[in-house]
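Notes to accompany the following structure.
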Amino acid sequence: MTIWERTDNGGRADCGYKKSVAGYYGPNPGPVERARIVEEDEKNGAGAFLTPDSAKGVDTQRILVEKIVQWPRDGKSIRVRNATKPPFGDWVEVPE
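Using the numbering used here, the first residue of the sequence shown is number -3, and each one after it goes up by one.
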(Lines of atoms letter the chains of each structure in order from A and count residues from 1; the text may use other names and numbers.)
(Lines give C-alpha, C1' and ligand atoms only; values in the text may rest on other atoms or scores of the structure.)
Protein backbone atom coordinates (compact mmCIF):
# COMPACT_ATOMS: atom_id res chain seq x y z
CA MET A 1 0.00 0.00 0.00
CA THR A 2 0.99 3.60 -0.55
CA ILE A 3 1.19 6.45 1.97
CA TRP A 4 -0.53 9.64 0.80
CA GLU A 5 -0.11 13.08 2.41
CA ARG A 6 -2.47 15.97 1.81
CA THR A 7 -0.74 19.10 0.52
CA ASP A 8 -3.66 21.54 0.20
CA ASN A 9 -6.23 22.74 2.77
CA GLY A 10 -3.46 23.19 5.37
CA GLY A 11 -2.96 19.42 5.35
CA ARG A 12 -6.34 18.89 7.00
CA ALA A 13 -9.20 16.60 6.04
CA ASP A 14 -12.46 15.62 7.68
CA CYS A 15 -11.61 12.14 8.89
CA GLY A 16 -12.47 9.63 11.54
CA TYR A 17 -12.75 6.01 12.54
CA LYS A 18 -15.91 3.99 12.97
CA LYS A 19 -15.54 0.86 15.08
CA SER A 20 -16.18 -2.57 13.60
CA VAL A 21 -19.07 -4.66 14.91
CA ALA A 22 -16.68 -7.64 15.18
CA GLY A 23 -16.68 -7.45 18.97
CA TYR A 24 -20.36 -8.34 19.06
CA TYR A 25 -19.63 -11.81 17.72
CA GLY A 26 -16.83 -12.86 20.05
CA PRO A 27 -13.10 -13.18 19.49
CA ASN A 28 -13.14 -16.15 17.07
CA PRO A 29 -16.11 -15.84 14.72
CA GLY A 30 -16.91 -18.74 12.40
CA PRO A 31 -17.47 -18.28 8.65
CA VAL A 32 -21.15 -17.38 8.98
CA GLU A 33 -20.49 -14.81 11.70
CA ARG A 34 -17.51 -13.43 9.76
CA ALA A 35 -19.71 -12.94 6.69
CA ARG A 36 -22.27 -11.09 8.83
CA ILE A 37 -19.51 -8.90 10.30
CA VAL A 38 -18.23 -7.95 6.85
CA GLU A 39 -21.75 -7.20 5.63
CA GLU A 40 -22.57 -5.11 8.70
CA ASP A 41 -19.25 -3.25 8.59
CA GLU A 42 -19.74 -2.38 4.92
CA LYS A 43 -23.25 -1.15 5.62
CA ASN A 44 -22.09 0.97 8.58
CA GLY A 45 -18.88 2.23 6.97
CA ALA A 46 -16.59 0.76 9.65
CA GLY A 47 -12.92 1.56 9.48
CA ALA A 48 -10.86 4.67 8.81
CA PHE A 49 -12.53 7.19 6.54
CA LEU A 50 -12.21 10.57 4.88
CA THR A 51 -15.11 12.81 3.94
CA PRO A 52 -14.73 15.03 0.84
CA ASP A 53 -14.46 18.74 1.67
CA SER A 54 -17.73 19.53 -0.10
CA ALA A 55 -19.62 16.84 1.87
CA LYS A 56 -18.50 17.59 5.43
CA GLY A 57 -20.83 15.87 7.86
CA VAL A 58 -22.52 13.74 5.18
CA ASP A 59 -21.95 10.11 6.25
CA THR A 60 -23.01 8.68 2.90
CA GLN A 61 -20.07 10.43 1.20
CA ARG A 62 -17.40 8.76 3.36
CA ILE A 63 -14.44 7.24 1.57
CA LEU A 64 -12.90 4.27 3.38
CA VAL A 65 -9.11 4.08 3.49
CA GLU A 66 -6.93 1.29 4.81
CA LYS A 67 -5.51 3.33 7.69
CA ILE A 68 -4.99 6.89 8.90
CA VAL A 69 -1.24 6.87 9.53
CA GLN A 70 -0.95 10.46 10.81
CA TRP A 71 -3.89 12.50 12.07
CA PRO A 72 -4.00 16.18 11.04
CA ARG A 73 -2.89 17.98 14.20
CA ASP A 74 0.04 19.83 15.73
CA GLY A 75 0.93 21.36 12.34
CA LYS A 76 1.25 17.97 10.66
CA SER A 77 -0.65 17.05 7.50
CA ILE A 78 -2.92 14.04 7.40
CA ARG A 79 -1.36 10.88 5.99
CA VAL A 80 -3.32 7.82 4.94
CA ARG A 81 -2.34 4.36 3.75
CA ASN A 82 -4.39 3.31 0.74
CA ALA A 83 -3.93 1.61 -2.63
CA THR A 84 -5.17 4.68 -4.50
CA LYS A 85 -4.91 8.43 -4.00
CA PRO A 86 -7.97 9.94 -2.27
CA PRO A 87 -10.32 11.34 -4.95
CA PHE A 88 -10.45 14.92 -3.64
CA GLY A 89 -7.88 17.54 -2.76
CA ASP A 90 -4.16 17.44 -3.55
CA TRP A 91 -2.25 14.42 -2.26
CA VAL A 92 1.36 13.30 -2.81
CA GLU A 93 2.95 9.91 -2.29
CA VAL A 94 5.45 9.91 0.59
CA PRO A 95 7.91 7.28 1.84
CA GLU A 96 6.62 4.93 4.49
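Glycine included, each C-beta is placed from N, C-alpha and C at the ideal position.
Would you mind listing the beta strand (DSSP E) stretches within the region 1 to 64 that are 3+ residues and don't spill past its ends, in chain order?
10 to 14, 43 to 47 and 59 to 61, all fully within the region 1 to 64.
Quick one: give me the first and last residue of the beta strand (DSSP E) that Arg77 is part of.
For the purposes of this step, residue 77 is identified with residue 81 of the sequence shown, where counting begins at 1. Arg75 to Asn78 is the span of the beta strand (DSSP E), which, as asked, contains Arg77.
Assign Val76 to one of two classes, buried (16 or more other C-beta atoms within 10 Å of its C-beta) or exposed (fewer than that).
On the sequence shown, residue 76 is found 80 positions in, with the first residue counted as 1. Per the 10 Å Cβ criterion, buried.
Could you tell me the boundaries of the beta strand (DSSP E) in which Glu89 lies?
Position 93 of the sequence shown, counting from 1, holds the residue named residue 89. Going by DSSP, Glu89 is part of the beta strand (DSSP E) stretching over Trp87 to Val90.
Rounding to the nearest angstrom, what Cα-Cα distance links Ser50 and Asn40 in this structure?
For the purposes of this step, residue 50 is identified with residue 54 of the sequence shown, where counting begins at 1. For the purposes of this step, residue 40 is identified with residue 44 of the sequence shown, where counting begins at 1. Whole-angstrom Cα-Cα distance: 21 Å.
Measure the alpha-carbon distance for Thr(-2) versus Asp10 and round it to whole angstroms.
Stepping through the sequence shown from its first residue, residue -2 is reached at position 2. Stepping through the sequence shown from its first residue, residue 10 is reached at position 14. One alpha carbon belongs to Thr(-2), the other to Asp10, and they sit about 20 Å apart.
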